[in-house]
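K.L.:
Got a structure for you, written out below as structure tokens; questions coming shortly.
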Amino acid sequence: MIQLIKPYLDYQELEPQFAKIINSGMLTKGEYSKRFPEMLKNYTGAASAFLTTSATTALTMSLKLLDVGPGDEIIVSDFSFPASSNVIEDLGATPVFADVSLDTYNMTLDSVKANLSEKTKAVMFVDALGNPSGLLDIAEFCKEHNLVLIEDAACAIGSRVGETKVGNIADLTCFSFHPRKLLTCGEGGAITTNNPKYAEVLSYKLNHGANADGEFVSFGYNYRMPELACCLGCSQLPRIDDIVVQRRAQARQYAELLEPLGYIAQRADDLTYHNMQSVVFMVPEDVSRDGLCKWLAEQGVESTIGTYCLSATAYYKAKYNNVQPNALYLQRNTITLPCYENVSVDEVCEKIASYRAS
Ligand SMILES: Cc1ncc(COP(=O)(O)O)c(C=O)c1O
């Protein structure tokens, strides 16, 4: 089976480090737990970085930081994984679904403008499949309207806009280290910010409410990543740029072979450097996406949908009945293809071409 993704991890390299951690008994709050956020800070260029257990808890923490609750609206990209809106719903606030571009798959400025109301407390931009296209326009709009910009960058480690890395653009940026991501810790997440006030509150909220002197100045949470997971993060981060270069080359190869067959690649703006967390294509109109996925599975190739139209999922459709057409089109007509070291792009594309011919 050609899998969708394999983690970029090397057990031989990790074994001595794991042994050291286990033998030390410091399974949490050890050396790697301190080093990993420092490395993230240096890599992204953000002033502060904090670890969490997942992107979901990073996003929840970010919303709690803003005191988001009942009566508040958060404008959120409609083409994403349901965690993006679940965290809003969980706090009793209202997710307002912004439709996305059929080219970049990201929320459009027009859709944000159309959904702005007096209740809007923040905007949650999602880097669809790692793509930060359009982020700067949304950031500028948020600044003009005094709105906080939270970036769901679960998929976007290693992406940038111009020379500025994701993590150093929005007010609060949330990453995921789930195994489908380019950098994985098994589970894990992070928040980066350049806002010193947010950083101060995060430092005690993420430490059970205790400040640097150990005084419990507030109530707080434990969203800590275990030491072994932090060690995984430290080992991969120095390689992330090389991983992205390799994925971008594979994505280009896919595009060269599939675009003549009518498949359309996700587009990135000129300024944008997309990490190609997922290589996703819109299928031609005469190709059934579900039929193609099934055919590829029979041929030993794993594939999946692009991602979800949040407003069309059962819960949100029943509650808000506000399905966004472009996001729905993308949910139905996009496919994610295998991408990692040594995947035979030629072989996958041959199988895709033979589906059409069959
Ligand atoms: C855009 C987006 N946001 C949030 C999440 C949730 O990430 P985690 O599993 O780290 O909570 C995902 C996971 O796939 C995602 O793709």
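Count along the sequence shown from 1, add 5, and you get the number used in our numbering. Virtual Cβ for every residue (Gly too), placed ideally from N, Cα, C.
Using only the heavy atoms of ligand 1, determine whether one of them is closer than 8 Å to the beta carbon of His183.
P.N.:
Position 178 of the sequence shown, counted from the start, is the residue given in the question as residue 183. Checking every heavy atom of ligand 1 against the Cβ of His183, one is found closer than 8 Å.
K.L.:
Quick check on the DSSP output: the beta strand (DSSP E) that includes Met129 runs from which residue to which?
P.N.:
As a working note, residue 129 is residue 124 in the sequence shown. Element bounds for Met129: 125 to 131.
K.L.:
Ordered along the chain, which non-local residues of its own chain (more than five positions away) have a Cβ less than 8 Å from that of Pro12?
P.N.:
Numbered from its first residue, the sequence shown carries residue 12 at position 7. Result list for Pro12: Pro184, Thr189, in chain order.
K.L.:
Within the stretch 122 to 179, note down every full beta strand (DSSP E) run reaching 3 residues or more, in order along the chain.
P.N.:
The qualifying runs are 125 to 131, 153 to 157.
K.L.:
Express the C-alpha separation of Ile174 and Lys148 in angstroms, rounding to a whole number.
P.N.:
Within the sequence shown, residue 148 is the residue found at index 143, counting from 1. Within the sequence shown, residue 174 is the residue found at index 169, counting from 1. Lys148 and Ile174: Cα-Cα distance of roughly 12 Å.
K.L.:
Does the stretch 271 to 291 touch the stretch 54 to 64, meaning 3 or more C-beta pairs lie closer than 8 Å?
P.N.:
Not touching, per the Cβ criterion.
K.L.:
Hey, quick one: how far does the alpha helix (DSSP H) through Ile27 stretch, first residue to last?
P.N.:
Against the sequence shown, residue 27 aligns to sequence position 22. Counting along the chain, the alpha helix (DSSP H) containing Ile27 begins and ends at 16 to 29.
K.L.:
If you follow the alpha helix (DSSP H) that Phe41 is in, where does it begin and where does it stop?
P.N.:
For the purposes of this step, residue 41 is identified with residue 36 of the sequence shown, where counting begins at 1. Its alpha helix (DSSP H) spans residues 36 to 49.
K.L.:
Could you tell me which of Lys69, Thr178, Asp132, Leu14 sits nearest to Gly225, measuring between CA atoms?
P.N.:
For this step, residue 225 is matched to residue 220 along the sequence shown. That would be Lys69, whose Cα lies nearest to the Cα of Gly225.
K.L.:
Determine the DSSP secondary structure at Ser85, reduced to helix, strand or coil.
P.N.:
Stepping through the sequence shown from its first residue, residue 85 is reached at position 80. Correct three-state label for Ser85: strand.
K.L.:
Is it the case that the CB of Thr125 approaches a heavy atom of ligand 1 more closely than 8 Å?
P.N.:
If you number the sequence shown from 1, residue 125 lands on position 120. No, the Cβ of Thr125 stays beyond 8 Å of every heavy atom of ligand 1.
K.L.:
Could you spell out where the beta strand (DSSP E) holding Gly194 opens and where it closes?
P.N.:
Numbered from 1 along the sequence shown, position 189 holds the residue referred to as residue 194. That run of the beta strand (DSSP E) goes 194 to 198.
K.L.:
Quick one: using the 10 Å Cβ neighbour count with 16 as the cut-off for buried, is Met230 buried or exposed?
P.N.:
As a working note, residue 230 is residue 225 in the sequence shown. Burial call: buried.
K.L.:
Decide if His279 is buried, meaning its Cβ has at least 16 other Cβ atoms within 10 Å, or exposed.
P.N.:
As a working mapping, residue 279 is identified with position 274 in the sequence shown. Answer is buried; the Cβ neighbour count reaches 16.
K.L.:
In angstroms with no decimal places, state the Cα-to-Cα distance between Met112 and Glu346.
P.N.:
Taking the first residue of the sequence shown as 1, we reach residue 112 at position 107. Taking the first residue of the sequence shown as 1, we reach residue 346 at position 341. Each residue's Cα considered, the two are about 31 Å apart.
K.L.:
If you compare alpha carbons, which of Ala103, Ser59, Ala119 is closest to Val92?
P.N.:
Residue 92 sits at position 87 when you count from the first residue of the sequence shown. Comparing Cα positions, the closest option is Ser59.
K.L.:
Keeping to the same chain, check which residues put their C-beta closer than 6 Å to that of Leu276; ignore five residues upstream and five downstream.
P.N.:
As a working mapping, residue 276 is identified with position 271 in the sequence shown. The answer, listed in chain order, is Val166, Gly167.
K.L.:
What residue range is occupied by the uninterrupted alpha helix (DSSP H) comprising Ile10?
P.N.:
The residue you call residue 10 lines up with position 5 of the sequence shown. Taken as a continuous stretch (DSSP letters only), Ile10 belongs to no alpha helix (DSSP H), as it is neither H nor E.
K.L.:
Tell me the DSSP secondary structure of Met66 in three-state form.
P.N.:
By 1-based counting over the sequence shown, the position of residue 66 is 61. Looking at Met66 - three-state DSSP - the assignment turns out to be helix.
K.L.:
Figure out for me which residue from Lys356, Asn200, Thr318 has the closest Cα to the Cα of Ser308.
P.N.:
Within the sequence shown, the letter at position 303 stands for residue 308. Closest option to Ser308, Cα to Cα, is Lys356.
K.L.:
If Gly311 and Leu335 are in contact, beta carbons under 8 Å, what's the gap, nearest whole angstrom?
P.N.:
Residue 311 sits at position 306 when you count from the first residue of the sequence shown. Residue 335 sits at position 330 when you count from the first residue of the sequence shown. The pair is a contact, with the Cβ atoms about 6 Å apart (cut-off 8 Å).
K.L.:
When the Cα atoms are used, what is the spatial distance from Ala144 to Lys25?
P.N.:
As a position in the sequence shown, residue 144 is number 139, starting the count at 1. As a position in the sequence shown, residue 25 is number 20, starting the count at 1. Each residue's Cα considered, the two are about 43 Å apart.
K.L.:
Roughly how many angstroms separate the alpha carbons of Glu123 and Pro100, rounded to a whole number?
P.N.:
For the purposes of this step, residue 123 is taken as the residue at position 118 of the sequence shown. For the purposes of this step, residue 100 is taken as the residue at position 95 of the sequence shown. C-alpha separation (whole angstroms): 14 Å.
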